[in-house]
Every structure is written in C-alpha cells, then in structure tokens.
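Our numbering puts the sequence shown at residues 18 to 89.
Here's the structure, in structure tokens; my notes come after.
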Amino acid sequence: MADITNASVPDSEKTFISPEHIAEAQATLNKKLAKQYLADTDWYVTRKTEAGTEIPSDIATKRAQSRIDASD
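In structure tokens, the structure reads:
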C-alpha cells in the first residue's frame, strides 16, 4: 500500500473543520458528560430521600455545576 501524505490528497477530498465546529462539538460533549454525571450520581439523591443520609459536599457541588452545564 502506498503512503498517503497531505500533499497527495486533493483539497476537494479533504475535510476541513473550523474552530466553530470544534467549539460546538466540545460544548455538546460537555453537556452529555454533565448529564451522565447526574445520572451516575442520582442514587445519592435517592439515598438522601429514603434514608436521610447526607450527600457528600463534593458530590453536591459537582451536581449543582453539572445541572448548569447540562442546561446550557
């Protein structure tokens, strides 16, 4: 198989990604990660409701930030 270099691929076959596309993709990923964190830590809220066990402060803080991040 021949080596393919950037110079050997015509511009018409290249895909260019703009900084805006990268920023949009990063924002989408951040939102998805925030929602996943909330889902992963929902059991703390259930435990608090059912047994009265406090949610650790670091978890509560990160959940609060994740709610903001997930809604942007």
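All C-beta atoms in this analysis are idealised placements derived from N, C-alpha and C, irrespective of residue type, glycine included.
Bear in mind that the values here come from a model prediction, so they are computed numbers and not experimental data.
Where residue i falls, given that 16 or more other Cβ within 10 Å makes a residue buried
i          : result
residue 81 : exposed
Residue i to residue j span [Cα, whole Å]
i          : j          : result
residue 84 : residue 51 : 7 Å
residue 49 : residue 28 : 33 Å
residue 76 : residue 37 : 32 Å
residue 71 : residue 64 : 8 Å
residue 39 : residue 67 : 43 Å
N- and C-terminal bounds of the alpha helix (DSSP H) containing residue i
i          : result
residue 49 : 36-68
residue 85 : 74-88
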